[in-house]
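Peer 1:
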Amino acid sequence: MRLGAALLAVALGGAAMAEDMEEYRSMFEPLPFLPPIPPGNSMTREKIELGAMLFFEPRISASGVISCATCHNPALGWSDRIGRAVGHEGQVGVRNTPTVLNSGFLTSQFWDGREADLEGQALGPIQADVEMNMTLDQAIARINELTVYRTHFDAAFPGEEDPINAQNVALAIATFERTLNTPNSPFDRFLRGDAQAISDEAKEGMKLFVDNGCVACHSGPVMSDGLFHRFEVPGSTDEGRFVVTGDEADMFTFRTPTLRNVAVTYPYFNNGSVTDRDA
Numbered sequence: 002m003r004l005g006a007a008l009l010a011v012a013l014g015g016a017a018m019a020e021d022m023e024e025y026r027s028m029f030e031p032l033p034f035l036p037p038i039p040p041g042n043s044m045t046r047e048k049i050e051l052g053a054m055l056f057f058e059p060r061i062s063a064s065g066v067i068s069c070a071t072c073h074n075p076a077l078g079w080s081d082r083i084g085r086a087v088g089h090e091g092q093v094g095v096r097n098t099p100t101v102l103n104s105g106f107l108t109s110q111f112w113d114g115r116e117a118d119l120e121g122q123a124l125g126p127i128q129a130d131v132e133m134n135m136t137l138d139q140a141i142a143r144i145n146e147l148t149v150y151r152t153h154f155d156a157a158f159p160g161e162e163d164p165i166n167a168q169n170v171a172l173a174i175a176t177f178e179r180t181l182n183t184p185n186s187p188f189d190r191f192l193r194g195d196a197q198a199i200s201d202e203a204k205e206g207m208k209l210f211v212d213n214g215c216v217a218c219h220s221g222p223v224m225s226d227g228l229f230h231r232f233e234v235p236g237s238t239d240e241g242r243f244v245v246t247g248d249e250a251d252m253f254t255f256r257t258p259t260l261r262n263v264a265v266t267y268p269y270f271n272n273g274s275v276t277d278r279d280a
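Residue numbering for the sequence shown follows the working numbering, starting at 2 and increasing by one per position.
(1) Between L192 and F29, how many whole angstroms is the CB-CB distance? I'm expecting something under 8 Å.
(2) Alpha carbon to alpha carbon, how far is R85 from T257?
(3) Could you spell out the range, first to last residue, of the beta strand (DSSP E) harbouring H89?
(4) Taking the DSSP output, what are the residues bridged to R256?
(5) Are the C-beta of V223 and some C-beta of chain C separated by less than 9 Å?
(6) Less than 6 Å between C-beta atoms, sequence neighbours within five positions excluded: which residues of the same chain meet that for M44?
(7) Should T180 be labelled buried (16 or more other beta-carbon atoms within 10 Å of its own) or exposed?
(8) With a Cβ-Cβ cutoff of 9 Å, do G121 and Q110 count as a contact?
(9) Under the rule that 16 or more other beta-carbon atoms within 10 Å means buried, what is L51, buried or exposed?
(10) Among the residues of its own chain, which have a CB less than 7 Å from the CB of F210, if the five just before and after it don't count?
(11) Give the DSSP-derived three-state secondary structure of Q110 in the structure shown.
(12) Can you tell me which of N74, G114, R96, L124 puts its alpha carbon nearest to the alpha carbon of L102?
(13) Between G105, A53, N97, which has its C-alpha nearest I225's C-alpha?
(14) In terms of residues, what are the limits of the alpha helix (DSSP H) holding N145?
(15) Looking at the structure shown, is S186 part of a helix, part of a strand, or coil, going by DSSP?
(16) Using three-state DSSP, classify D239 as helix, strand or coil.
(17) DSSP three-state label for Y267, please.
(18) D189 and L32: beta carbons closer than 9 Å?
(19) Decide yes or no for the touch test of the segment 126–137 against the segment 57–65: beta carbon pairs closer than 8 Å, at least 3 of them.
(20) Can T100 and N271 be called in contact, C-beta distance under 9 Å?
(21) Once DSSP output is grouped into helix, strand and coil, what is the label at A66?
(22) Once you ignore the five residues that flank F155 on each side, which residues in its own chain have a CB closer than 7 Å to its CB?
(23) DSSP state of S80, grouped into three classes?
(24) How big is the Cα-Cα spacing for A208 and E162?
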């Protein structure tokens, strides 16, 4: 009789714990396997292949040695693991390099949200004097000199008389970037119903994450609300989104960064000033 009562108590306790965990789990969403595909840029194998070539192509930089992958290195979480990005002739930028992983799910691009989508983002680094330091005309001229690209542009943009142009460069790179997703993490498997996909310690961490209000900003499938919040990092003079809008209310505000893959995309914050997640 006592054994039966004990087993019942254990069962009821387990059910209560499961119900409690379900309440926490319901506050998160698993990452879809693909981000939204814009109607003006369909995803094709040919476009993905071309986008990958361009992403890893250093010859569309003034120095001939810097590509998108220089700062968004696949071996480093598609980031660079340094405080602030280093570009043309060793110039150091003002901000930390965000990972390109899952960037197709973001509602805006760059720390200050100055571009709405990946198509807009793709051409920025090519033209930035601190990054690749080329005009778009120079970049297109360089691509035209590389005969290997003609066949790939023709295949990615069939029927176009002159497919090697800046718009198509942006479309191809953006298409490739939309394939760089991590929807099968242990956390995603947990959210999809596999209760054993994450450790008990991780489950306790999730509870603390919610109970301490972190989820207010780091929410949704990409673990970011996509909004801009005032975040003054000690030692930084970066004015954030104000540089884009000129609105005083945007002074020192930055887009909430994703927390996905955070273990491999250090250092943190907009100026890369923190290397330890415990900090």
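Cβ atoms here follow ideal geometry from the backbone N, Cα and C, with glycine treated the same way.
In this text the structure is predicted, and so the values were computed from the model without any measurement.
Peer 2: Looking at the atomic coordinates:
(1) So it is a contact: roughly 6 Å between Cβ atoms.
(2) Separation of R85 and T257 (C-alpha to C-alpha, rounded to the nearest whole angstrom) is 18 Å.
(3) Segment: none, H89 is in no beta strand (DSSP E) and carries neither H nor E.
(4) DSSP, once it has assigned bridges, lists F229 as partnering R256.
(5) No chain C appears in the structure shown, which is made up of a single protein chain.
(6) Contacts found: I38, T176.
(7) With fewer than 16 Cβ atoms within 10 Å of its Cβ, T180 is classed as exposed.
(8) Contact flag set, yes.
(9) Under this definition L51 is a buried residue.
(10) In its chain, beyond the 5 residues on either side, V216 have a beta carbon closer than 7 Å to the beta carbon of F210.
(11) Correct three-state label for Q110: strand.
(12) For L102, the closest of N74, G114, R96, L124 by C-alpha to C-alpha distance is N74.
(13) The sequence as given places Ser at residue 225; Ile does not occur at that position. Of the candidates G105, A53, N97, the one whose C-alpha sits nearest the C-alpha of S225 is G105.
(14) Secondary structure note for N145: its alpha helix (DSSP H) is the uninterrupted segment 137–146.
(15) Correct three-state label for S186: coil.
(16) Taken through DSSP and simplified to helix, strand or coil, D239 comes out as coil.
(17) Y267 falls in the coil class under three-state DSSP.
(18) Yes.
(19) Contact between the segment 126–137 and the segment 57–65 is present: three or more C-beta pairs spanning the two stretches fall below 8 Å.
(20) Taking 9 Å as the Cβ cut-off, T100 and N271 do not qualify as a contacting pair.
(21) Per the sequence shown, the amino acid found at residue 66 is Val instead of Ala. DSSP places V66 in coil when its eight states are reduced to three.
(22) Reading off the sequence, residue 155 comes out as Asp, not Phe. Excluding positions up to five away in sequence, the list reads P164.
(23) DSSP places S80 in strand when its eight states are reduced to three.
(24) A small fix is needed here, since residue 208 is Lys in this sequence, not Ala. Straight-line Cα distance between these residues: approximately 57 Å.
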